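Novice:
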Amino acid sequence: MTLHTTPALEVRPARPEHRALVEAMMVPYLRGFGAEGPYPGLERYGSDARCAAFLLWLDGAAAGFALLEQVDAGTTELVEFYVAAEHRRQGCGRLAAEMLFALRPGRWRVGVRQDNGPALVFWRELLAGKPGLAVHEHARPPAWIYEFDASSAAASP
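Reminder that position 119 of the sequence shown reads as 119 in full-length UniProt numbering, one-by-one numbering, no gaps.
Now the structure itself:
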């Protein structure tokens, strides 16, 4: 008999010493879009008070990242979200997103490239799985934009 254990996931702010780790994960992330090379403006996520980088830690190892930007007093934008390929389809992305929403109650904006089919499915399923959560979806090419209020009781895990 095989016992399955749920991996321990943590979402923690990236510290300055984690910059190289985020940059290294950015390589496969960008390649997934057919892009190369340094992510433009990454330095803002350590120097601009409106921008924050978070690392996803799975059983103590870095498994992804999230870049957030405070758009206005009540709205947080999920600018980038990445879960390493070997950790996908295990519920880690869903749990990490819910943890991020809990860290920043209020309005959220999530943009997903229209040509990123797997990410569109992920976000639509995640947000549709929140009964009573009012999600406004609209096209802003090259992305679909999802806006919602994560502080409502329906938005909690």
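In this text, a Cβ means the ideal position worked out from N, Cα and C, and glycines have one as well. Here the structure is a predicted model, which is why all the values come from computation and not from measurement.
Does the beta-carbon distance from Leu67 to Val79 come in below 7 Å?
Specialist: By 1-based counting over the sequence shown, the position of residue 67 is 67. By 1-based counting over the sequence shown, the position of residue 79 is 79. Cβ distance < 7 Å, so Leu67 and Val79 count as in contact.
Novice: Compare the Cα-Cα distances from Leu95 to each of Ala73, Glu125 and Met25 and report the closest residue.
Specialist: Against the sequence shown, residue 95 aligns to sequence position 95. Here the closest residue by C-alpha is Glu125.
Novice: Give the list of continuous alpha helix (DSSP H) stretches no shorter than 4 residues that lie fully inside the region 12 to 66.
Specialist: Listed in chain order, they are 19 to 31 and 44 to 47.
Novice: State the start and end residues of the unbroken alpha helix (DSSP H) segment that holds Glu125.
Specialist: For the purposes of this step, residue 125 is taken as the residue at position 125 of the sequence shown. Per DSSP, Glu125 belongs to the alpha helix (DSSP H) from Gly117 to Ala128.
Novice: Answer yes or no: do Ala150 and Phe101 have a C-beta to C-beta separation smaller than 7 Å?
Specialist: Taking the sequence shown and counting its residues from 1, one reaches residue 150 at position 150. Taking the sequence shown and counting its residues from 1, one reaches residue 101 at position 101. Cβ atoms of Ala150 and Phe101: closer than 7 Å.
Novice: Looking at C-beta atoms only, is the number of pairs between the region 32 to 39 and the region 124 to 138 that lie closer than 8 Å three or more?
Specialist: The answer is no - the region 124 to 138 does not touch the region 32 to 39, with fewer than three Cβ pairs under 8 Å.
Novice: With DSSP as the reference, label residue 158 as helix, strand or coil.
Specialist: No answer is possible for residue 158: the residues shown for the chain start at 1 and end at 157.
Novice: Considering Arg140, what are the terminal residues of the beta strand (DSSP E) in which it resides?
Specialist: As a working mapping, residue 140 is identified with position 140 in the sequence shown. Element bounds for Arg140: His136 to Arg140.
Novice: Find out if the Cβ-Cβ distance for the pair Ala14, Ala61 is shorter than 7 Å.
Specialist: Along the sequence shown, one-based indexing puts residue 14 at 14. Along the sequence shown, one-based indexing puts residue 61 at 61. No, the pair does not count as a contact, with Cβ atoms beyond the cut-off.
Novice: Could you tell me if His87 is buried or exposed, where buried requires 16 or more neighbouring beta carbons within 10 angstroms of its beta carbon?
Specialist: For the purposes of this step, residue 87 is taken as the residue at position 87 of the sequence shown. His87 is buried by the Cβ-count criterion.
Novice: Which partner residues does Gln70 have in the DSSP bridge list?
Specialist: One-based indexing of the sequence shown puts residue 70 at position 70. Thr76, per the DSSP bridge assignment.
Novice: Look up Phe81 in the DSSP assignment and give the residues it is bridged to.
Specialist: Taking the first residue of the sequence shown as 1, we reach residue 81 at position 81. Answer by DSSP bridge pairing, in chain order: Ala66.
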